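Chemist:
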Amino acid sequence: MVTHSVAQPYQHPLPNPGYRAYAFEFELDQAVDEALRQIRERGYLEPYADSPKKKIAVGVNFSSEERKVEDWKVEALEPRSS
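Take the sequence shown: its position 10, counting from 1, is numbered 17 in this note's numbering, and each next residue is one higher.
#1: Just to confirm before moving on: does the CB-CB distance between V65 and Y29 stay below 9 Å?
#2: Excluding five sequence neighbours on each side, which residues of the same chain lie with their C-beta closer than 6 Å to the C-beta of E82?
#3: Quick check on DSSP: helix, strand or coil for D57?
#4: Can you check which of these residues, K61, L35, E41 and G50, is closest to E73 by C-alpha distance?
#5: Identify the continuous beta strand (DSSP E) that holds A28 and give its terminal residues.
#6: Taking the continuous beta strand (DSSP E) assigned at E82, which residues delimit it?
#7: Please state whether DSSP places A42 in a helix, a strand or coil.
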């Protein structure tokens, strides 16, 4: 799954024969924790809530001053309790 939030968020499922579902949120001059919060709050991984796949959220922050990735963080989201 690819998510994009520069202009308007969208989701596009990609074939993934493995056992993980990924959601990426890219920020510019923001905290990576903010990116991870957005993934959770906007439900980017909700389409996989009932799937046995591991849900992985990836927050990435780009520095506009240095023009590179400044920080990134990966978080495994807990499955929804029944």
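Think of the CB as a built atom: it goes at the ideal place given N, C-alpha and C, for glycine as much as any other residue.
Since the structure is predicted, the reported quantities are computational estimates derived from the model, not experimental observations.
Modeler: Taking the definition as stated:
#1: yes
#2: L43 and A64
#3: coil
#4: L35
#5: R27 to L35
#6: K75 to L84
#7: helix
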